[in-house]
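Chemist:
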Amino acid sequence: MLDALWEIQNPEVVERKISYEKLEEIHILKQELLKQEDVARTEEFWDNTIYSINSILWRWTNTPNPFFHKDETLEGHILNLKSQLKKAFEYEYNAKNHLEEIFNRIVSLRQSVDSPLFDSVAEHLDPKRNLCFLATTNSYDYLRKEVKNISKKWKVKTPNQLREDQIYDELIFFGQFNNLFYGKFSDPTLEFLFTSTRARKIYWVHYEWISSTWKPQIFLMGSNDANKPFAGKKDIFTSEGKLSITDLDFVPKIDEKRYVNLINISISQDEGNSLTQTQDLEEAYCFLLTEKRDDKSLAAFISANGSKALAISDFDGDGTLDIWKFLPNELGKGMYLLRRTRGAGRDVLEVIADKHLGDDAAYLRGRQMKWKKSLSEVVQTTGLSQSVDLLKNMGCTPASKSNLKRWMSDSSIRTSKPSHFYMLMEFAGLKDTASAMWNDMRRINAAHSTAGFELDGLLKSKIEDINAGDLYGNTSYEFKLSEDENLGALTAFAIEERLESLVEVPSSWTHWGVREL
Amino acid sequence: MRKFENTSYGSFNEPWADFFIDLGEYIAKNFTGDSRVVMLTPTEKIIPFLISIGAMKYFLNSDISTGFLPINDIWEDLQETPLGTEVHVIDKTKGFIHYKGGLESITNETFMLKTIEQDGSAEPGWFYSQEKNIVPDIDISIVSRKEFLPPSRRQTDKGDPNLNLLGEFYTNSDPLGVLGLPNNLIQIIGNKNTLSMESNLKFLKDNAGGSFADVLITKNSISKQRELTFLGAAKEDNLKDEVNLSIFVQGKNTNISNVLDWTNNFPQVHIVPRASRQAYELIEIYNDEYLTRDKTLEFAELTVPIGCEIMGYTI
Numbered sequence: 015m016l017d018a019l020w021e022i023q024n025p026e027v028v029e030r031k032i033s034y035e036k037l038e039e040i041h042i043l044k045q046e047l048l049k050q051e052d053v054a055r056t057e058e059f060w061d062n063t064i065y066s067i068n069s070i071l072w073r074w075t076n077t078p079n080p081f082f083h084k085d086e087t088l089e090g091h092i093l094n095l096k097s098q099l100k101k102a103f104e105y106e107y108n109a110k111n112h113l114e115e116i117f118n119r120i121v122s123l124r125q126s127v128d129s130p131l132f133d134s135v136a137e138h139l140d141p142k143r144n145l146c147f148l149a150t151t152n153s154y155d156y157l158r159k160e161v162k163n164i165s166k167k168w169k170v171k172t173p174n175q176l177r178e179d180q181i182y183d184e185l186i187f188f189g190q191f192n193n194l195f196y197g198k199f200s201d202p203t204l205e206f207l208f209t210s211t212r213a214r215k216i217y218w219v220h221y222e223w224i225s226s227t228w229k230p231q232i233f234l235m236g237s238n239d240a241n242k243p244f245a246g247k248k249d250i251f252t253s254e255g256k257l258s259i260t261d262l263d264f265v266p267k268i269d270e271k272r273y274v275n276l277i278n279i280s281i282s283q284d285e286g287n288s289l290t291q292t293q294d295l296e297e298a299y300c301f302l303l304t305e306k307r308d309d310k311s312l313a314a315f316i317s318a319n320g321s322k323a324l325a326i327s328d329f330d331g332d333g334t335l336d337i338w339k340f341l342p343n344e345l346g347k348g349m350y351l352l353r354r355t356r357g358a359g360r361d362v363l364e365v366i367a368d369k370h371l372g373d374d375a376a377y378l379r380g381r382q383m384k385w386k387k388s389l390s391e392v393v394q395t396t397g398l399s400q401s402v403d404l405l406k407n408m409g410c411t412p413a414s415k416s417n418l419k420r421w422m423s424d425s426s427i428r429t430s431k432p433s434h435f436y437m438l439m440e441f442a443g444l445k446d447t448a449s450a451m452w453n454d455m456r457r458i459n460a461a462h463s464t465a466g467f468e469l470d471g472l473l474k475s476k477i478e479d480i481n482a483g484d485l486y487g488n489t490s491y492e493f494k495l496s497e498d499e500n501l502g503a504l505t506a507f508a509i510e511e512r513l514e515s516l517v518e519v520p521s522s523w524t525h526w527g528v529r530e531l
Numbered sequence: 002m003r004k005f006e007n008t009s010y011g012s013f014n015e016p017w018a019d020f021f022i023d024l025g026e027y028i029a030k031n032f033t034g035d036s037r038v039v040m041l042t043p044t045e046k047i048i049p050f051l052i053s054i055g056a057m058k059y060f061l062n063s064d065i066s067t068g069f070l071p072i073n074d075i076w077e078d079l080q081e082t083p084l085g086t087e088v089h090v091i092d093k094t095k096g097f098i099h100y101k102g103g104l105e106s107i108t109n110e111t112f113m114l115k116t117i118e119q120d121g122s123a124e125p126g127w128f129y130s131q132e133k134n135i136v137p138d139i140d141i142s143i144v145s146r147k148e149f150l151p152p153s154r155r156q157t158d159k160g161d162p163n164l165n166l167l168g169e170f171y172t173n174s175d176p177l178g179v180l181g182l183p184n185n186l187i188q189i190i191g192n193k194n195t196l197s198m199e200s201n202l203k204f205l206k207d208n209a210g211g212s213f214a215d216v217l218i219t220k221n222s223i224s225k226q227r228e229l230t231f232l233g234a235a236k237e238d239n240l241k242d243e244v245n246l247s248i249f250v251q252g253k254n255t256n257i258s259n260v261l262d263w264t265n266n267f268p269q270v271h272i273v274p275r276a277s278r279q280a281y282e283l284i285e286i287y288n289d290e291y292l293t294r295d296k297t298l299e300f301a302e303l304t305v306p307i308g309c310e311i312m313g314y315t316i
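Note that the protein sequences, when read in sequence, are chains A and B. Here the numbering used here is used: the first residue of the first sequence is 15, the next is one more, and so on. Here the numbering used here is used: the first residue of the second sequence is 2, the next is one more, and so on.
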């Protein structure tokens, strides 16, 4: 296998340009719409409208599925367009007729059973050869069903499944390279699919009227061009279309500022709610989810303090789901972010840990709250920066603004080292009980470790036997943690986008649930 | 013919495999100080072992040790060897016994090794006199510039070296020479479980069979104590300062970015498979380092296989 893998490292790249007028016409109509006087993306109405048109076109451009194929995201955008069209007539926009024409064409094409990208290439492929169809989470289900009917030797894999070293005769990639690589949020390492190939021949199948270009981004600055992928040639994946339709013009781009504003509005609403306790803000990554709720975007936040988040997908390529932990910057499109969505209004780990603490749980949690309350009071009188300085002078070396905020938060249990904890207790005015407090916190910590293992086991038992195809294509998927105990539920949400900038949000937002924006 | 029993690994007959062996030899021979060689590859599988074999080929013929020589040929050198220096003896008078110790005493006709820390214990020694025609059937290897630190308990080798396989790879050297080399000559750092598994994969090379563990003398291939090539996880605490070559392998469930700041004034090789989730982040770091390099390292004498990108620099 190793010899074979090395032998295929100079693959033949074959471009297949597919024509399909009904889709091309919508692209042309969109170009015309953009030329209309009152159409500008700086206007929220048009930004929202164009985003949906682009999202629909982008989805159809990059998936081999038939146009009628079940797709919740597409449906969401079509519904949004319908509502936008109604408003366009109400507000009497000049471009309303252009928009109506586009909408009608989209609705009409949505009924079509045609799957131009797949059909036009599949008929030329040899059923006796080992083929691999590269699928996104949107096309995985369709491709699996289709290829199974044609040849047992044909396989469907998502990009991450190909990180293993299996090799094929031919790899078939549908759509535009920017579907994989556009934006800082995309995973640039996926270029291995082309630069460290798993197939002797790569078919690039895409629509003929779209111009695009892509070249590898991961290379060593000090290496010879001859050793770079494709011997350093820059035009391997360049395609000239027509009518100046370039893929980047219809990549659905989000208006980041708009989302930051929406987040700030949501924070203000929370603060205005007298029932909600005022909380510290912390820096977090904001993930926009594919799922929408009442026309509103859903977002999940993950702390930027180095915490990892649980995500599910078929990471190891065995066809079933896996649950892995990722740093927020490693999470990408095609993954599903796991969030606690139902159950007790606190971390499920705490719920399980308290079960292990038994009758002592209430007492020990009370002790945990006691030192946090004392610490918070001293920090409030002394000031945050001053407190950090004082703690450092005492020898509590991990003291920093963010750590001190974390120690004061409800979720932290203790510091890593007892010596630092004792200093913290001395600072909080609890010197005399520091040792007893440390022992109590150790018990909570041990219960959390046990709970962590139990939760891992629970999650794995719920998730790891599920066929990846059952999840792919859905915008969300709910898992009930336990039939016997009230541990609530977790939901896996498909990731649509990530804001490039970090945002400051209440700490509680980063722990569980999703927010409507 | 070089072929694994494990079919998912298959064979490593082709020039790409020879390239990595040649590269290891080239680095050990030509690069000094804090040299760093970085590679992007289609897979990380077995590459560190091939590079290590190449480096070991060079070390066997370098001045790290004299290599095993009959006592007649090395006696004069032994006379000038400072006490405490690591010396290996293969005693063939009672079969094949390998002794490793510090040179404890030497006279015109005798020498003794100290093999364990405890004083007063029986230690091996030999009598040698050409005039009296007393020439023991022993081969000796002196490890230059290395003082031997005796262990607290006596150590014995549990197995024999795989001389057939050693002979297949180290064709221009005495295969026994590996026994005369010091521990921790090379370290391979990455996912320890994967490295251990790959080091023990069985393969055939022409008429000999064995594993990379046999060829590189990793821990337990001969004994617990003999470990010319150290396999370890990517944590700075694990790294060995005394090694002459470090190979860092980015792999599943490991991240070599944790140890990128570590240096020991000897060359390093960094292997990054393109399919690694950390490839982008790591290559950005290496490229930044390359921009502030002291010197560029060249590989003009080597034929780099398609699929492998390589650069070298000193930091």
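Ideal Cβ placement from N, Cα and C applies to all residues, glycine included. Computed from a prediction, not measured in an experiment: that's the story for all the values here.
Determine, for F251/A, whether the minimum Cβ-Cβ distance to residues of chain B falls below 8 Å.
Modeler: Cβ-Cβ to chain B under 8 Å: no for F251/A.
Chemist: List the whole-angstrom C-beta distance separating S496/A from E270/A, where the pair is believed to meet the contact cut-off of C-beta under 8 Å.
Modeler: About 39 Å; that fails the 8 Å criterion.
Chemist: Please classify P71/B: does DSSP put it in a helix, a strand, or coil?
Modeler: P71/B: strand per DSSP, three-state reduction.
Chemist: What separation, rounded to the nearest whole angstrom, lies between the Cα atoms of K347/A and A503/A?
Modeler: C-alpha separation (whole angstroms): 23 Å.
Chemist: Kindly give me the distance between the Cβ atoms of F132/A and P78/A, rounded to whole angstroms, as I take these residues to be in contact under 8 Å.
Modeler: Confirmed, about 4 Å.
Chemist: Please list, in chain order, the residues of the segment 268-286 of chain B that have any C-beta partner in chain A closer than 8 Å.
Modeler: From the segment 268-286 of chain B, only P274, R275, A276, S277, R278, Q279, A280, Y281 and I284 have a Cβ closer than 8 Å to chain A.
Chemist: Under 9 Å between beta-carbons, which chain A residues line up against N288/B? List them in chain order, please.
Modeler: Neighbours of N288/B on chain A, chain order: F233, L234, M235 and G236.
Chemist: Consult DSSP for H525/A and reduce its assignment to one of helix, strand or coil.
Modeler: Looking at H525/A - three-state DSSP - the assignment turns out to be helix.
Chemist: With 8 Å as the threshold, decide whether the Cβ of K431/A is near any Cβ in chain D.
Modeler: No chain D is part of this structure, whose protein chains are labelled A and B.
Chemist: Just reading off the beta strand (DSSP E) that P520/A is part of, what are its end residues?
Modeler: It spans V517 to P520 - the beta strand (DSSP E) in which P520/A sits, taken as one unbroken run.
Chemist: Cβ of I91/B within 8 Å of Cβ of F69/B?
Modeler: For I91/B and F69/B, yes; Cβs fall inside 8 Å.
Chemist: Are I427/A and N453/A touching if we call contact CB-CB under 8 Å?
Modeler: No. Outside cutoff.
Chemist: If the cut-off is 7 Å on Cβ atoms, which residues from the segment 211-224 of chain B count as contacting chain A, listed in chain order?
Modeler: Within the segment 211-224 of chain B, no residue qualifies.
Chemist: Alpha carbon to alpha carbon, how far is K30/B from W526/A? Give it in angstroms, no decimals.
Modeler: Cα-Cα distance, rounded: 56 Å.
Chemist: Is DSSP giving Q394/A helix, strand or coil here?
Modeler: Q394/A falls in the helix class under three-state DSSP.
Chemist: Tell me whether I135/B sits in a helix, a strand or coil according to DSSP, three-state version.
Modeler: I135/B: strand per DSSP, three-state reduction.
Chemist: At a cut-off of 7 Å, is R37/B close to the ligand SAH when judged by its beta-carbon and the heavy atoms of the ligand?
Modeler: What this structure holds is no ligand at all, so the ligand SAH is not there to describe.
Chemist: Taking C-beta to C-beta, are A313/A and F329/A nearer than 8 Å?
Modeler: No, these two residues do not count as a Cβ contact at 8 Å.
Chemist: Establish whether the CB of W228/A and some CB of chain B are separated by less than 8 Å.
Modeler: It does not: the Cβ of W228/A has no partner Cβ on chain B nearer than 8 Å.
Chemist: In three-state terms, what does DSSP make of G146/B?
Modeler: Correcting the residue identity first, residue 146/B is Arg in this sequence and not Gly. R146/B falls in the strand class under three-state DSSP.
Chemist: Using a 10 Å radius around the Cβ and a threshold of 16 neighbouring Cβ atoms, would you call G333/A buried or exposed?
Modeler: G333/A is exposed by the Cβ-count criterion.
Chemist: Please identify, using Cβ separations under 7 Å, the residues of the segment 67-81 of chain B that lie next to chain A, in order along the chain.
Modeler: Hits within the stretch: zero.
Chemist: Check whether the Cβ atoms of L41/B and R275/B sit closer than 8 Å, and answer yes or no.
Modeler: Yes, the Cβ-Cβ distance between L41/B and R275/B is below 8 Å.
Chemist: Quick one: which unbroken beta strand (DSSP E) runs of 3-plus residues sit fully inside the segment 194-219 of chain B? Chain order, please.
Modeler: Listed in chain order, the complete beta strand (DSSP E) runs (minimum 3 residues) inside the segment 194-219 of chain B are 204-206 and 209-211.
Chemist: Just the C-alpha distance for D140/B and Y27/B, rounded to the nearest angstrom, thanks.
Modeler: Going from the Cα of D140/B to the Cα of Y27/B covers about 29 Å.
Chemist: Measure the alpha-carbon distance for L204/A versus Y105/A and round it to whole angstroms.
Modeler: About 44 Å.
Chemist: Name the DSSP bridge partner or partners of I232/A?
Modeler: None; I232/A has no bridge partner.
Chemist: Going residue by residue through the segment 83-160 of chain A, where are the continuous alpha helix (DSSP H) segments of at least 4 residues, counting only ones entirely within it?
Modeler: 86-104, 110-124 and 130-136, all fully within the segment 83-160 of chain A.
Chemist: Is the distance from the Cβ of E87/B to the Cβ of F21/B below 8 Å?
Modeler: For E87/B and F21/B, no; Cβs fall outside 8 Å.
Chemist: Determine the closest residue to V244/B out of A56/B, K4/B, E299/B and E6/B, with distance taken between C-alpha atoms.
Modeler: Closest by alpha carbon: A56/B.
Chemist: Whole angstroms are fine: how far does the CA of D215/B sit from the CA of N165/B?
Modeler: Whole-angstrom Cα-Cα distance: 10 Å.
Chemist: Please check the pair R353/A and F507/A, which I expect to be a contact at CB under 8 Å, by giving their CB distance rounded to whole angstroms.
Modeler: About 6 Å separates the two Cβ atoms, so the contact holds.
Chemist: Would the beta-carbon of V273/B fall within 8 Å of that of E237/B?
Modeler: For V273/B and E237/B, no; Cβs fall outside 8 Å.
Chemist: Work out the CA separation of M437/A and W17/B for me, nearest whole Å.
Modeler: Going from the Cα of W17/B to the Cα of M437/A covers about 58 Å.
Chemist: For a contact meaning CB atoms closer than 7 Å, what does C19/A contact in chain B?
Modeler: According to the sequence as given, residue 19/A is Leu; it is not Cys. Chain B residues near L19/A: P43 and T44.
Chemist: Distance, Cα to Cα, E132/B vs I54/B?
Modeler: Distance between the alpha carbons of E132/B and I54/B: 42 Å.
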